[in-house]
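Down below is the structure, laid out as structure tokens.
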Amino acid sequence: MAILKIARMGHPVLLQRAEPVADPTAPEMRRLVADMIETMEDASGAGLAAPQVHVPLRLFVYRAPAERGTGDAEDTPIETTVLFNPTVEPLGTEQRPRWEGCLSIPGLRAAVPRFWRIRYGGLDAEGKPVSRVASGFHAGLVQHENDHLDGILYPMRMTDFTQFGFIEELSRAMASGGT
Ligand code: NI
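The sequence shown begins at 1 in this note's numbering and counts up by one.
Here it is in structure tokens:
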């Protein structure tokens, strides 16, 4: 296993449309997934998409810890998971702003509108189809990671640029009353 180098915003690999994975069970995919999980955990991230580690293929790893959940019944916690060739479909039209960071945009956070409920699917590490309904943190996380596969970074989804800043400044503002 190895910790991989993470591309930062500005690198062209992050703007590219990634290619589908032909065989999720191939040895090189198993190795890539293990390295991506190690890299995500080392960087304390909740998700990491292959283009972020300079591999333009359609897969991401993610985890939704219970403490990040919104309490919504469909905002289920998720152990560290890999998804290949994902599809994401909004359920309903409701969008809510969600505070997001990105390992490719270190030090910053922003409120990004995301669909509250989605259905998503893809292939698991054994190449078997999976399908899930998710809401809240879980749904927003999957939308963020899936966007990476289409060359979309969260600032491209933003509508309110007053809700964008450095983590240190934001936590200072929040500590002083959140105004
Ligand atoms: Ni990201």
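Ideal Cβ positions, reconstructed from N, Cα and C, are used throughout, including at glycine.
- Judged by their CB atoms, isoleucine 118 and methionine 9 are not nearer to each other than the 8 Å cut-off.
- Under the three-state reduction of DSSP, glutamate 41 is assigned to helix.
- Between the ligand NI and leucine 91, a heavy atom-to-CB distance of less than 7 Å is absent.
- Membership of phenylalanine 115 in any alpha helix (DSSP H) is not indicated; the residue belongs instead to the beta strand (DSSP E) covering 108-115.
- Cβ-Cβ distances below 8 Å link glutamate 126 to Pro24 and Thr25 in the same chain, with the five nearest sequence neighbours on each side left out; the list follows chain order.
- In its chain, beyond the 5 residues on either side, Phe60, Glu145, His148 and Leu149 have a beta carbon closer than 7 Å to the beta carbon of alanine 49.
- Each of Gln95, Gly121 and Asp124 was checked against the Cα of phenylalanine 115, and the nearest Cα belongs to Gln95.
- Checking the DSSP bridge columns, you'll see phenylalanine 164 partnered with Ala110.
- For glutamine 16, no beta strand (DSSP E) encloses it, and the DSSP letter there is neither H nor E.
- When distances are taken from the beta-carbon of histidine 148 to the heavy atoms of the ligand NI, the shortest one is below 7 Å.
- The nearest non-hydrogen atom of the ligand NI is less than 7 Å from the C-beta of histidine 144.
- Comparing alpha carbon positions, the residue from Val82, Ala111 and Gly140 closest to phenylalanine 161 is Ala111.
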